[in-house]
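Single-structure report; data block below.
In the UniProt record's numbering, the protein residues as written are 1 to 230.
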C-alpha cells in the first residue's frame, strides 16, 4: 500500500499545472482523505471524467481530529492505497493533511509526494528574494498591536540573516495587512506581493516599502495572496 500526496490546482480549471502522472496515482487509490469533499470530487472528475465517485471511500480531514486519524490508521493497516488532497496546492505544506502524513510515517507506510503547484514556492521563485534561507509563517496575529510586533520581528530577522519570510492573510483582510506593512515597516525593506498564482489574473511584484508607498497597487481584496518580506 501507499499514501499518495496528490496536488490540486491553485485556480480551478487550470489543469495544465497538474502533471499527467498524478492521474496515474489517483487511479491507484481506493480511499481519499480530503480537505473539502465537494471540491476534491469536482477536481478529480476534471482529471478523470470516467471516475465513478461512489466507488471510493471519502473522509473529510477537517482539523485532523482523533477520529479522522484513527480512520486513516485503520485504512493504512487494511492495506488501502490512500490519496490525500488539499483544498489547493500540495498536501502537507501549510495544510492539515500534514498530520495524516505524520501518522503515515509513524505507521511506516510508504508515502509518495507528487509534483504539483505550490503558491508558496511559486511566490518565492518569482520574488527575487532569498531562496536559500526562507521561512513560512502562515497567518500573522489578528490583533493590530500583536501584528505590528510580529511584522517588525520578521523584518528585523530578515535584516539580520538576509533571509526571506513568507506569510498569508485571510483574503478579505489583505488590504488591512498591506496597510499595516506600509505603515510600520522600514522604507528599505523589500516586500513582494504574489496574487492569484497560476490564474489568468496572476500578479507578482517586489519593491521596497518606499517604492510601494509611491505606487498604485491593484486591489487585493478577496484574492489569494502570498506576502514576502526580505
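Glycine residues also receive a C-beta, built at the ideal position from the N, C-alpha and C atoms.
Delimiting residues of the alpha helix (DSSP H) encompassing residue i
i: residue 39; result: 37 to 47
i: residue 115; result: Looking at the DSSP string, residue 115 is not in any alpha helix (DSSP H), and its letter there is neither H nor E.
i: residue 210; result: 209 to 213
Spatial neighbours of residue i in its chain, beta-carbon cut-off 6 Å, leaving aside the 5 residues before and after
i: residue 58; result: 32 and 37
i: residue 53; result: 41
i: residue 14; result: 198
i: residue 34; result: 40 and 85
i: residue 17; result: 9, 117 and 198
i: residue 43; result: 8
Whole-angstrom C-beta distance between residue j and residue i, which should lie under 8 Å
i: residue 131; j: residue 22; result: That belief does not hold up - the Cβ atoms of residue 131 and residue 22 are roughly 25 Å apart, past 8 Å.
i: residue 187; j: residue 208; result: 6 Å
i: residue 206; j: residue 190; result: 6 Å
i: residue 56; j: residue 196; result: Going by Cβ atoms, the distance from residue 56 to residue 196 rounds to 31 Å, so no, they are not a contact pair.
i: residue 103; j: residue 69; result: 5 Å
Chain-order list of residues whose beta-carbon lies under 8 Å from that of residue i (same chain, five-residue window excluded)
i: residue 107; result: 73, 76 and 77
i: residue 105; result: 111
i: residue 63; result: 96
i: residue 147; result: 140, 141, 177 and 180
i: residue 221; result: 171, 172, 174 and 175
i: residue 166; result: 120, 123, 124, 134, 135, 136, 137, 226, 227 and 228
i: residue 144; result: 180
i: residue 2; result: 28, 81, 82, 109, 110, 111 and 112
i: residue 185; result: 151, 152, 155, 191, 209 and 229
i: residue 162; result: 130, 133 and 230
i: residue 219; result: 175
i: residue 48; result: 23, 26 and 27
Continuous beta strand (DSSP E) stretch holding residue i: start and end
i: residue 18; result: Unbroken run through residue 18: none, as it is neither H nor E.
i: residue 6; result: 2 to 6
i: residue 52; result: Run containing residue 52: none; DSSP gives neither H nor E here.
i: residue 220; result: That residue, residue 220, is in no beta strand (DSSP E); it is neither H nor E in DSSP.
i: residue 61; result: Note, residue 61: premise wrong, no beta strand (DSSP E); not H, not E.
i: residue 195; result: 190 to 195
i: residue 228; result: 225 to 229
Own chain, CB closer than 7 Å to residue i, minus 5 neighbours either side, in chain order
i: residue 6; result: 22, 25, 26, 83, 84, 85, 91 and 114
i: residue 126; result: 194 and 204
i: residue 98; result: 92
In chain order, what are the residue ranges of uninterrupted alpha helix (DSSP H) at least 4 long that sit wholly in the segment 63 to 107? 66 to 77 and 97 to 106
List in chain order: all unbroken alpha helix (DSSP H) runs of 4+ residues lying wholly within the segment 136 to 181. 144 to 161
Inter-stretch contact (C-beta, 8 Å, three-pair minimum) for the segment 148 to 158 and the segment 181 to 189: Yes, since at least three Cβ pairs between the segment 148 to 158 and the segment 181 to 189 fall closer than 8 Å, the two stretches touch.
Should the segment 80 to 94 be called in touch with the segment 169 to 179, which here means at least 3 C-beta pairs below 8 Å? no
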